[in-house]
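Worksheet: the structure to be examined is printed underneath.
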Amino acid sequence: MNMLNIVLFGPPGAGKGTQSAKLIEKYQLVHLSTGDIFRANIKGGTELGNLAKSFMDQGQLVPDEVTIRMLESEADKSPDAKGYIFDGFPRTPAQAKALDNFLATKNTSITMMLALEVEEEELKKRLLLRGQDSGRPDDKDPAIIQKRIDVYRNETEPVRDYYQAQNKYTGIDGIGSIDDIFSRLCDAIRSIAN
Ligand code: B4P
546 MNMLNIVLFG PPGAGKGTQS AKLIEKYQLV HLSTGDIFRA NIKGGTELGN
596 LAKSFMDQGQ LVPDEVTIRM LESEADKSPD AKGYIFDGFP RTPAQAKALD
646 NFLATKNTSI TMMLALEVEE EELKKRLLLR GQDSGRPDDK DPAIIQKRID
696 VYRNETEPVR DYYQAQNKYT GIDGIGSIDD IFSRLCDAIR SIAN
């Protein structure tokens, strides 16, 4: 059986983490969130965590080399997966190329990119709201939130073109209730994966 490998894409606060939680349950996929893995390392006080924190607290991307190595070792922990949801990865074209090469060594590939589309004002609102009780330092400061959005526009948006060139890109309206957006994602998966 072919694996179902989904890149869930979108700006900070678009709902990637929120929708991933629902998708992994429905499709029995392995969830690989680079943001979550970094935060777990920060909590555990590991060397990787300390390095990641110095970038994340500034709203910057963690360097590609570190992120790619970490993602691959995390994916290797689930060799029998029916598929993966890549949440917050790839965030640069170099990460996207590395992911293609990595999956090729497993005789599989990305099935589709689903890109959540949400405008900037709504993103800022959601992140500041989460910042009130999540304990995430990168959600508390409007200047850091703006920096993350700028980094997304400058460094991450080209990843969309990378998948568009492979005919794997689908845009999804990311405004509305969490359940409505989830239905849109499921409809897209149904029409593409079959
Ligand atoms: P991430 O952890 O990926 O965080 P994020 O972009 O803020 O998105 P997240 O998934 O958490 O939020 P969501 O949209 O679900 O990255 C954090 C940092 O880690 C990056 O800035 C970077 O430094 C580093 N990093 C991670 N991956 C990296 C990589 N590959 N390369 C380099 N660096 C990397 O939700 C946001 C909020 O909106 C939530 O509070 C949610 O409840 C709310 N929400 C969701 N859906 C909603 C809806 N429909 N309506 C209203 N609110 C909604």
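Heads up, the sequence shown is in the numbering used here, so the first residue is 546 and it goes up one at a time. Where is the CB? At the ideal position from N, CA and C, for every residue including glycine.
For Tyr-707, the uninterrupted alpha helix (DSSP H) run begins and ends at 703–709, by DSSP.
Secondary structure of Thr-656 (DSSP, three-state): coil. The C-beta distance from Tyr-714 to Arg-705 rounds to 6 Å, short enough to meet the 8 Å contact threshold. Beta bridge pairing from DSSP links Thr-715 with Leu-659. Residue side-chain check: Gln-691 keeps its Cβ at 7 Å or more from all non-hydrogen atoms of ligand 1. Remark: the C-beta of Leu-730 is outside contact range of ligand 1, defined as less than 7 Å to any heavy atom. The Cβ-Cβ distance between Leu-616 and Leu-648 does not fall below 8 Å.
In the three-state scheme derived from DSSP, where H, G and I count as helix and E and B as strand, Ser-565 is classed as helix. The Cβ atoms of Gln-640 and Asp-609 lie closer than 8 Å to each other. In the assembly as shown, Pro-687 is an exposed residue. Its beta-carbon has fewer than 16 other beta-carbons within 10 Å. Going by beta carbons, Gly-580 and Asn-586 fall outside the 8 Å limit. Within the chosen limit of 7 Å, ligand 1 does not reach the beta carbon of Asp-645 with any heavy atom.
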